[in-house]
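So the sequence shown is residues 180 to 435, counted in the numbering used here. Glycine included, each C-beta is placed from N, C-alpha and C at the ideal position.
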Amino acid sequence: MSVRATARLRAEPDGRGSTVLPVLESDGPLALRRTRSPHPAYARVTVVGAMSAPLGGDRLAVRAEAADGARLTVDSAAATVALPGPLADGEPATYTVELHVGEGAVLRWLPEQLVSAHGSDLHQATRVELAATGRLLLREEQVLGRHGEPTGALTTRLTVHRAGRPLLDQQLAYGPGAPGGWDGPAVLGGHRAVGQLLLVDPAFGEAPPPARLLGPTAALTPLAGPAVLVTAVAADARLLRSILDDAMHELKACPE
Numbered sequence: 180m181s182v183r184a185t186a187r188l189r190a191e192p193d194g195r196g197s198t199v200l201p202v203l204e205s206d207g208p209l210a211l212r213r214t215r216s217p218h219p220a221y222a223r224v225t226v227v228g229a230m231s232a233p234l235g236g237d238r239l240a241v242r243a244e245a246a247d248g249a250r251l252t253v254d255s256a257a258a259t260v261a262l263p264g265p266l267a268d269g270e271p272a273t274y275t276v277e278l279h280v281g282e283g284a285v286l287r288w289l290p291e292q293l294v295s296a297h298g299s300d301l302h303q304a305t306r307v308e309l310a311a312t313g314r315l316l317l318r319e320e321q322v323l324g325r326h327g328e329p330t331g332a333l334t335t336r337l338t339v340h341r342a343g344r345p346l347l348d349q350q351l352a353y354g355p356g357a358p359g360g361w362d363g364p365a366v367l368g369g370h371r372a373v374g375q376l377l378l379v380d381p382a383f384g385e386a387p388p389p390a391r392l393l394g395p396t397a398a399l400t401p402l403a404g405p406a407v408l409v410t411a412v413a414a415d416a417r418l419l420r421s422i423l424d425d426a427m428h429e430l431k432a433c434p435e
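Right under this line is the structure:
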């Protein structure tokens, strides 16, 4: 039997320099826990997987809002593993993330990797709405297959609007059913870990970082918005995280 679950959280400033969580609702396999933040101005929420998910046919969603002036970090306790489901019709699983960032707010969305296990079929969609003075740090990482196995089918889409205008809309597909060439030299080149780091900050409006390579398998691209996007591939999850962590440090991304 497939699972339908939506977890919700909302962060608001408390008027004394800290951020509170008036809404923190877990659901199904998505358990939300408030955890200790290194900085008192930020609230921190960790997503804890309460059961194996997503499986084929599951419909999972997380909705997070940083209200005007709030500071929020959301991470996860472990990697998310997309697994084959029991449904005979092969219905894919879906995992939807909806993020809202208010005026003067900061949202750091830093989950662990998504692992596409062999035989799985997952459609992931992340949709972001930012106010004009909101700031966002978003990291997404996909690992194509567990150790020694081929990848499952994975489609991801990231859509970002700032002040009501499109900032970024990109879709990626890997594995069975993906357009030809997804694993070729022009895309992954045999690598099995792929990720991106998106930083939206009004400060980039005056002096955006220049486009450049960040080593042999990563690139930084300024976006009109103002924002920058770091895209990277690597042989494994550890190397990918190292590349993105270095980029985050260099960009001083929404420091806590």
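Contact belief for residue i with residue j at Cβ below 8 Å, rounded distance in angstroms
i, j, result
"alanine 413", "isoleucine 422", "6 Å"
"valine 307", "valine 339", "4 Å"
"threonine 225", "aspartate 206", "Rounded, the Cβ-Cβ distance is 15 Å, inconsistent with contact."
For residue i: DSSP bridge partner residues
i, result
"leucine 203", "Leu188"
"serine 439", "No answer is possible for residue 439: the residues shown for the chain start at 180 and end at 435."
"serine 255", "Val226"
"alanine 279", "The identity of residue 279 in the sequence shown is histidine, whereas the question assumes alanine. Per DSSP, Glu244 and Glu308."
"leucine 316", "Arg287 and Leu378"
Straight-line Cα distance separating residue j from residue i
i, j, result
"arginine 287", "threonine 252", "5 Å"
"serine 295", "leucine 301", "8 Å"
"alanine 146", "leucine 351", "With the chain covering only 180 through 435, there is no way to say anything about residue 146."
"alanine 249", "leucine 346", "22 Å"
"threonine 334", "glutamine 303", "6 Å"
"proline 355", "alanine 245", "37 Å"
"glycine 283", "glycine 313", "5 Å"
"aspartate 380", "proline 401", "11 Å"
"alanine 390", "alanine 398", "7 Å"
"valine 366", "arginine 195", "48 Å"
"alanine 267", "threonine 185", "Low confidence applies here, because alanine 267 scores a pLDDT of 44, under 50, leaving its location unreliable and the question unanswered by this model."
"valine 199", "arginine 187", "14 Å"
"leucine 209", "threonine 273", "14 Å"
"proline 219", "leucine 393", "32 Å"
"threonine 436", "alanine 310", "With the chain running from 180 to 435 in the structure shown, residue 436 is simply not present."
"glutamine 344", "glycine 327", "The question names glutamine, yet the displayed sequence has arginine at residue 344. Whole-angstrom Cα-Cα distance: 43 Å."
For residue i, the first and last residue of its enclosing alpha helix (DSSP H)
i, result
"arginine 336", "Premise fails: arginine 336 lies in the beta strand (DSSP E), 332-341, not in any alpha helix (DSSP H)."
"arginine 344", "No alpha helix (DSSP H) holds arginine 344; the beta strand (DSSP E) holding it covers 344-353."
"arginine 212", "Arginine 212 -> not in any alpha helix (DSSP H); beta strand (DSSP E) instead, spanning 209-214."
Burial state of residue i (16 or more Cβ within 10 Å)
i, result
"glutamine 349", "exposed"
"threonine 214", "exposed"
"aspartate 237", "buried"
"leucine 320", "Looking at the sequence itself, residue 320 is glutamate, so the reference to leucine does not match. Buried, by the Cβ-count rule."
"leucine 419", "buried"
"glycine 368", "exposed"
"proline 290", "buried"
"arginine 371", "buried"
Extent of the continuous beta strand (DSSP E) to which residue i belongs
i, result
"leucine 367", "That residue, leucine 367, is in no beta strand (DSSP E); it is neither H nor E in DSSP."
"leucine 418", "Here leucine 418 belongs to no beta strand (DSSP E); instead the alpha helix (DSSP H) covers 416-430."
"threonine 400", "397-402"
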